[in-house]
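Undergrad:
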DNA sequence: CAGCATCCTCCGCGATACTG
DNA sequence: CAGTATCGCGGAGGATGCTG
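Chains as they are written, first to last, in my numbering: chain A, 17 to 150; chain B, 17 to 150.
#1: If we define contact as Cβ-Cβ less than 8 angstroms, is residue 70 of chain A a contact residue for chain B?
#2: Residues of the region 82-93 of chain A in Cβ contact with chain B at a cutoff of 8 angstroms, in chain order, please.
#3: Work out the CA separation of residue 53 of chain A and residue 71 of chain B for me, nearest whole Å.
#4: Between the Cα of residue 64 of chain A and those of A/112, A/130, A/129, spot the shortest distance and give me the residue it belongs to.
#5: Anything in chain B within Cβ reach of residue 76 of chain A, meaning under 9 angstroms, just list it in chain order.
#6: Nearest to residue 48 of chain A by alpha carbon, out of A/75, A/78, A/69, A/88?
#7: Run down chain B in chain order and give the residues with a C-beta less than 7 angstroms from the C-beta of residue 143 of chain A.
#8: Cα-Cα, which of A/84, A/58, A/136, A/91 is closest to residue 119 of chain A?
#9: Could you tell me the distance, in whole angstroms, from the CA atom of residue 143 of chain B to the CA atom of residue 46 of chain A?
#10: DSSP beta-bridge partners for residue 114 of chain B?
#11: Would the beta-carbon of residue 52 of chain B be found less than 7 angstroms away from any heavy atom of the ligand NAP?
#12: Just the C-alpha distance for residue 17 of chain B and residue 60 of chain A, rounded to the nearest angstrom, thanks.
This is the structure in structure tokens:
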């Protein structure tokens with residue numbers, strides 16, 4: 017029997033050791049890693065509190081399909097990173113904005129991106145070297 | 017002021033990269049997000065410099081297939097996060113350990129995990145609430 | 001022991017069409 | 001305008017078998 021996703025949780029404490037599963041890192045990591053979440057969050061952050069409509073967001077992100085933008089936003093809303101407000105008008109209007117938690121999420125994200133940028137040249141060189149010797 | 021356009025969004029484009037000429041965040045993010053990389057890195061970090069053999073790592077991580085452990089380690093090696101040393105013995109012995117870059121990678125990772133841990137209870141509550149009202 | 005090679009499954013995501 | 005509903009593909013990743 018399979019299909020039983022072994023939900024692997026990890027956490028690393030300050031000392032670098034693995035603490036017994038405090039929080040399921042995986043589902044949240046997956047959110048970070050899916051194709052559009054970070055893009056959407058980045059775009060909303062750029063707006064500096066100005067709320068964005070669905071279509072605005074779609075243009076701002078660029079390249080995202082309606083389906084994926086919808087599910088991405090729903091997931092972010094479910095995690096309390098984004099607020100969705102629907103206005104009962106015709107035509108309909110729906111506005112999105114980051115919650116405080118959503119904004120605070122940008123901090124670790126920036127730390128990570130900072131590391132990536134700082135290390136990217138070395139990593140790139142390492143890859144070339146590695147690929148050559150294969 | 018904070019949250020200037022510069023850090024945030026180090027503008028992430030549709031391709032998933034952050035600003036054309038900076039660094040492609042996506043491939044590295046993908047590495048972070050794949051199913052085993054973080055686990056492997058965590059386990060190697062725990063060892064505190066003691067090198068681990070392939071089979072040791074496999075047991076330590078738990079649940080990984082040989083195939084995936086191999087490709088995960090190869091990817092990490094390619095990015096210079098892990099060192100792989102082969103000993104020409106019978107039976108073969110291969111040892112793995114973190115590089116300095118690999119260790120430094122733990123810093124942003126811990127920041128991220130710290131955020132996840134701190135926010136997990138709230139997120140969980142948010143999800144329950146959201147799911148109930150669906 | 002530490003792996004490749006092969007096959008197969010699952011599901012993230014895109015494309016397209018329809019609707020209140 | 002802001003979505004749902006369907007279909008289909010591609011690629012990550014598991015299972016199994018073979019080998020130096």
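We put the beta carbon where it would ideally sit given N, CA and C, even for glycine.
TA: Looking at the atomic coordinates:
#1: Judged by the 8 angstroms Cβ criterion, residue 70 of chain A is not in contact with chain B.
#2: Cβ contacts with chain B: 93.
#3: For residue 71 of chain B and residue 53 of chain A, the gap between their C-alpha atoms comes out near 36 angstroms.
#4: Each of A/112, A/130, A/129 was checked against the Cα of residue 64 of chain A, and the nearest Cα belongs to A/112.
#5: Neighbours of residue 76 of chain A on chain B: none; closest Cβ ~10 angstroms, over 9 angstroms.
#6: Comparing Cα-Cα distances from residue 48 of chain A to each of A/75, A/78, A/69, A/88, the minimum goes to A/88.
#7: Under the 7 angstroms cutoff, chain B gives 94, 95.
#8: Looking at the Cα atoms, A/58 is the closest of the given residues.
#9: Approximately 16 angstroms, taken between the alpha carbons.
#10: Beta-bridge pairing by DSSP links residue 114 of chain B to B/98.
#11: No copy of the ligand NAP occurs in the structure displayed, which carries no ligand at all.
#12: Bear in mind that a pLDDT of 33 at residue 17 of chain B, under 50, signals an unreliable position, so the number given afterwards is only what the model happens to contain. Going by the C-alpha atoms only, they are around 17 angstroms apart.
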